[in-house]
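Chains as they are written, first to last, in the numbering used here: chain A, 212 to 510; chain B, 27 to 445.
Each residue gets a CB set at the ideal place from its N, CA and C atoms; glycine is no exception.
In this text, all values refer to a predicted model and were calculated from it rather than measured experimentally.
Following: one structure in structure tokens, then a few remarks.
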């Protein structure tokens, strides 16, 4: 009896060992570059931590308390919220429209798909510099053209009311291609027989889209919206390059604020606390999305 | 089991060998014939990049026993990496920590920078007492000890576009009132502005306007943002920007430079480093002293980047020799010739390197009137980025200078610990 029970675990053990062996390289990388920084930042968020100081006194939850009373934090959170609430639905709807429009494969749609996908693979920092130039009211081509036809151009990026919308539009330009490709792939996987059956039942194009295509691509929509939401909540590079959070902090987002606290003011402890606040927000929102799209439902 | 032990032994042997190799290459000076190597992290990535590379090359070719390895990095990257790099012993021997002088305090107070006790003196590898201008040596000293040497020195002047002024028949302004009137006349509301005035990510321009009228940001350790002189200055300029559109509001330094380079701004207050780009952009420009304001006194911004020796360097003597050479007449003349920087010495006003170049001569003439921007405030970036810049932006965007300055005044006093 003892021999029998002792045997299987040992075999499992050697199997497990092989498994760990294969996992080791990835685990090492994830451990060093993801897990360790996460743990370290939690530790930092509980201390008065600065790059310069050699001692980092423990302050408990003080950083978090400060965060809740910091108007700059709430302002950044509100801007990030606006950015997300506008960007995510717009990105999904526009991506879906493009995907439906470019669903059939011809040389022309293939060309257009590449055009819309190109921004996704380009470096955002570089593209943001280009956009900054295009949108400049003083030296940019758009402004010169507008002046040519007698219209006085708005200085989008330096105007407190327009900076955030301008950043949102450029963000959409950058990310729509990604959503389009995901939805396009899903649309092409919609079973032909379902559509044919719907046609036989007398369903028009709209009805077929709403009752057949949309439910079939629910997973793709879920995936796109979760990715878009996380990306929006973490928006940084285009803001940092185009407006640096200004003017008057009107386009400052949570991550640009974290960056400023961490690397301009060197308050790494406080910056880590905000980063953890952002982490909790992202987790809550993602869970909510999974719930809304009924991820665990079995079709 | 046996292989494990053997492996461990091998690893230890390798580690010891590496450590020993590290010792011998990092060990003491050129006595064994090999030159001492110093590493230098620098942030001069702008238009003056080549001038500094050439300067280090000059040092290396004239000092066979010390070789300086010069590494360029963006300023924000240095700011992030340098403190931890020095503390962990993997940092450079020499570095420019930040273009904001106030950051130096952090390095000195946290023992990351070495006090330069031996830099000033009458020896061979020293600079004579009194040669370094006190306007630099004072802010570079902490508790009476010198912690940095100036990597460069510049003053700011009023750049003006000769073509735009000639066309409008306007003479170079000598008072702030004239500058304001001229700026209004030179703004046409259709893409041409009187002045390019940046309010963020820039060499300080607004503080000069405030100083010129006798105002200030901080006086006697407390906020002076709601003092009459400061409020009057900001009110006047904000009104001109808001109502007469003499400059686009909210410009970053680069935007202002682009505007002047495109020939779309008649004036800009800037340092000598901008001249190269404007010449290249074929702008017909010249420079004049910053106009005199209500205070009746000439004043402009002095700009300098401190250069420190790491507290963990193995070669403090050689690093100091490098600094002494850098501040010597030959090197300072080379820097003036290459990038129009002002020699950071009190004894070179009549040096041929200064008098033979109109631009260097002009910028050098402003040294007596120059002052640094908040060089000793430990909360410098908070004051500049979080309080002063938003106050100026609010004033210029909404036109309500008094309101913006009054709330900034409260914030500033809080940071300074003033009632």
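Per the coordinates, the alpha-carbon of residue 349 of chain A lies some 42 Å from the alpha-carbon of residue 275 of chain A. Residue 212 of chain B counts as buried, since at least 16 other C-beta atoms from the protein chains shown sit within 10 angstroms of its C-beta. In the structure shown, the three-state DSSP call for residue 485 of chain A is helix. Residue burial is scored here from C-beta neighbours: residue 329 of chain A has fewer than 16 other C-beta atoms within 10 angstroms and is therefore classed as exposed. Residue 364 of chain B sits away from residue 83 of chain B, with the two beta carbons spaced by 8 Å or more. By the Cβ rule, the stretch 171–181 of chain B does not count as touching the stretch 234–247 of chain B, because fewer than three pairs are nearer than 8 Å. When only Cα atoms are considered, residue 240 of chain A and residue 483 of chain A end up about 22 Å apart.
Annotated three-state conformation of residue 294 of chain B is strand, per DSSP.
Scanning B:425, B:413, B:418 and B:429 for the CA closest to the CA of residue 440 of chain B turns up B:413. Judged by DSSP in its simplified three-state form, residue 446 of chain A adopts coil rather than helix or strand.
Interface criterion not met: the Cβ of residue 443 of chain B is under 8 Å from no Cβ in chain A. Around residue 247 of chain B, the same chain offers 442 and 444 as residues with beta carbons nearer than 8 Å, after the five sequence neighbours per side are excluded. Fewer than three pairs of CB atoms, one per stretch, sit closer than 8 Å, so the stretch 363–383 of chain A makes no contact with the stretch 265–283 of chain A.
Residue 494 of chain A has no beta-bridge partner at all, per DSSP. Here the C-alpha atom of residue 423 of chain A lies approximately 59 Å from the C-alpha atom of residue 222 of chain B. Ranked by how close their Cα comes to the Cα of residue 228 of chain B, the residues B:393, B:200 and B:410 have B:410 in first place. At a cut-off of 8 Å between beta carbons, residue 423 of chain B contacts chain A. Only residues of its own chain outside the window of five on either side were considered, and among them 112, 137, 138, 139 and 140 have a CB closer than 8 Å to the CB of residue 337 of chain B, listed in chain order. For residue 302 of chain B, the three-state secondary structure derived from DSSP is helix. Note on residue 290 of chain A: 16 or more other CB atoms within 10 angstroms of its CB, so buried under the neighbour-count rule. Nearest neighbour of residue 165 of chain B by Cα position, chosen from B:109, B:106, B:176 and B:157, turns out to be B:176. At a cut-off of 8 Å between beta carbons, residue 226 of chain B contacts chain A. DSSP lists B:278 as the bridge partner or partners of residue 226 of chain B. Any Cβ of chain B closer than 8 Å to the Cβ of residue 251 of chain A would place that residue at the interface, and such an atom is absent. Spanning the alpha carbons of residue 187 of chain B and residue 210 of chain B requires a straight line of approximately 15 Å.
Within the stretch 396–434 of chain A, the complete alpha helix (DSSP H) segments of 4 residues or longer fall at 403–411 and 416–419, listed in chain order. 102, 105, 106 and 109: these are the residues of the stretch 98–109 of chain B whose beta carbon lies less than 7 Å from some beta carbon of chain A, given in chain order. Counting the other CB atoms within 10 Å of its CB gives residue 153 of chain B a total of 16 or more, which places it among the buried residues. Cβ contact annotation for residue 405 of chain B (same chain, cutoff 6 Å, sequence separation greater than five): 441, in chain order.
A straight-line Cα-Cα distance of about 21 Å links residue 61 of chain B and residue 78 of chain B. Taking the Cα positions, residue 429 of chain A is about 12 Å away from residue 400 of chain A. Cα atoms of residue 197 of chain B and residue 345 of chain B: separation of roughly 49 Å, rounded to the nearest angstrom.
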